[in-house]
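Novice: Sequential numbering from 0 applies to the sequence shown in numbering that gives the first Met the number 0.
I'd like to ask you about the structure that follows.
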Amino acid sequence: MKSRFKTLEGKQALYDSYDQLLHLWDVPYEERDIETRYGQTHLIITGDEHNPPLVLFHGTGDNSAIMWIYNIQALSKKFYVIAVDTLGGAGKSEPNEHYSKDFVPHLWIDDILNTLAIHKTHMAGVSYGVYLTLSYEIYNPDRVEKIICMASFLPVKGLSIKYTLLGMRSILTFFPEVLRPNEKNALKLLRKLGSPLSEENTENNETFKHFLYILKYSQPERRKFTTYELSALSTFKEKALFLIGNSDPIAYHSSYIQFFQDYEFHYKIIKRAGHSINQDQPEIINHEMINFLLNDG
């Protein structure tokens, strides 16, 4: 099976940086590795276990340590948070041979929830993480309370060629910088994605260093997507909120917005935010998440 990292030294450097980021979370946390049918899955768990559970899924080319660093303090005060390192990504989860052959997201998430004895939970995802949450909700609606979907679009079957072209545009966003992963290109890519890190002094910045390590040392993952009939996706519209940055080169487009309006999905456009929406505007996103999931006002 193809290695997730280019070198063992790079893997160790990335893992060391991962651990440093967790210290910067500045909340009590527990790391757990659980066995699933598709391999060992790494979890970061924080918050009071008596609070409502909230399962978080990061995007492609990320991991939980970097994805939720600006959100975890607020979320862990209100929820029992389980941040999942996606299999095949740049985190600490280790896929097995079944992952590359027949990965089925809702079965994998079932394994996670069953191991943790969580019957029903809120879920939130960014980008590819949205696809995972929606895939689970379609097959297990009784186990999902509410969903926050950030920086993503619905995986609808049979849409026009326009949406296919928009999907290709999203992939091209990462080129050519991803082909030459150095500090200069990492900053350029962050600017494309709208990240505030691109405007900060990156010297001695642990978060930027970790992003650079992901580009330099991890292998890009080819994700397999399943599209669904609109009728299946429409069943959860009352319990899902889509949050999209107005500067997102991937998820923000007039055609997508029109789709949400036409089919009456709940959505909000977040100003001064790009694809890294939860990091661009963390206070706004934290408020929107807590308010929608808990009706907290």
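Cβ coordinates follow ideal geometry from the N, Cα and C atoms, glycine included.
(1) What separation, rounded to the nearest whole angstrom, lies between the Cα atoms of Y98 and G38?
(2) If you compare alpha carbons, which of S126, I137 and N62 is closest to E228?
(3) When DSSP labels each residue in this structure, what does E30 get in the three-state scheme?
(4) So, is L292 buried or exposed, given that buried needs 16 or more other C-beta atoms within 10 angstroms?
(5) Can you tell me the Cβ-Cβ gap for Y79 and N50, rounded? I've got them flagged as a contact below 8 angstroms.
(6) Using a 10 Å radius around the Cβ and a threshold of 16 neighbouring Cβ atoms, would you call F152 buried or exposed?
(7) Where DSSP assigns a beta bridge to Q39, which residues make up the other side?
(8) Going by DSSP, which residues form a beta bridge with M149?
(9) Taking the C-alpha atoms as reference points, what is the distance between G58 and A89?
(10) Among the residues of its own chain, which have a CB less than 8 angstroms from the CB of F224, if the five just before and after it don't count?
(11) Taking just the CA atoms, how far does R36 sit from F174?
(12) Assign K77 to one of three DSSP states: helix, strand, or coil.
(13) Is the region 263 to 276 touching the region 241 to 253 in the sense that three or more CB pairs, one from each, lie closer than 8 angstroms?
(14) Less than 9 angstroms between CB atoms is the rule here; does N95 satisfy it with respect to chain B?
(15) DSSP puts P52 in a beta bridge; with which residues?
(16) Assign Q278 to one of two classes, buried (16 or more other C-beta atoms within 10 Å of its C-beta) or exposed (fewer than that).
(17) Looking at the unbroken alpha helix (DSSP H) that takes in Y14, where does it start and where does it end?
(18) For I283 and N70, I'd like the C-alpha separation in whole angstroms.
Specialist: Working from what's here:
(1) Counting from 1 along the sequence shown, the entry for residue 98 is found at position 99. Counting from 1 along the sequence shown, the entry for residue 38 is found at position 39. Spanning the two alpha carbons is a distance of roughly 7 angstroms.
(2) Here residue 228 refers to the residue found at position 229 of the sequence shown. Residue I137 is the option with its Cα nearest to E228.
(3) As a first step, residue 30 is located in the sequence shown; it is residue number 31 there, counting from the start. Note: E30 maps to strand in three-state DSSP.
(4) Walking along the sequence shown from the start, residue 292 turns up at place 293. Classification of L292: buried, given that the 10 Å Cβ count is 16 or more.
(5) By one-based count along the sequence shown, residue 79 stands at place 80. By one-based count along the sequence shown, residue 50 stands at place 51. So it is a contact: roughly 5 angstroms between Cβ atoms.
(6) Numbered from 1 along the sequence shown, position 153 holds the residue referred to as residue 152. Buried.
(7) The residue you call residue 39 lines up with position 40 of the sequence shown. Per DSSP, E34 and E93.
(8) By 1-based counting over the sequence shown, the position of residue 149 is 150. In the DSSP output, where bridge partners are listed per residue, M149 has V125 and L242.
(9) Counting from 1 along the sequence shown, the entry for residue 58 is found at position 59. Counting from 1 along the sequence shown, the entry for residue 89 is found at position 90. Distance between the alpha carbons of G58 and A89: 10 angstroms.
(10) Walking along the sequence shown from the start, residue 224 turns up at place 225. Once the five neighbours on either side are set aside, the close Cβ partners of F224 are Y130 and P154.
(11) Mapped onto the sequence shown, residue 174 falls at position 175. Mapped onto the sequence shown, residue 36 falls at position 37. Each residue's Cα considered, the two are about 34 angstroms apart.
(12) Taking the sequence shown and counting its residues from 1, the one referred to as residue 77 is at position 78. It is helical.
(13) yes
(14) The chain inventory of the structure shown lacks chain B, comprising one protein chain alone.
(15) For the purposes of this step, residue 52 is taken as residue 53 along the sequence shown, with counting starting at 1. In the DSSP output, where bridge partners are listed per residue, P52 has Y79.
(16) Counting from 1 along the sequence shown, the entry for residue 278 is found at position 279. Buried is the call here.
(17) Residue numbering aside, residue 14 sits at position 15 when the sequence shown is read from its first letter. Per DSSP, Y14 belongs to the alpha helix (DSSP H) from L7 to W24.
(18) For the purposes of this step, residue 283 is taken as residue 284 along the sequence shown, with counting starting at 1. For the purposes of this step, residue 70 is taken as residue 71 along the sequence shown, with counting starting at 1. Approximately 10 angstroms, taken between the alpha carbons.
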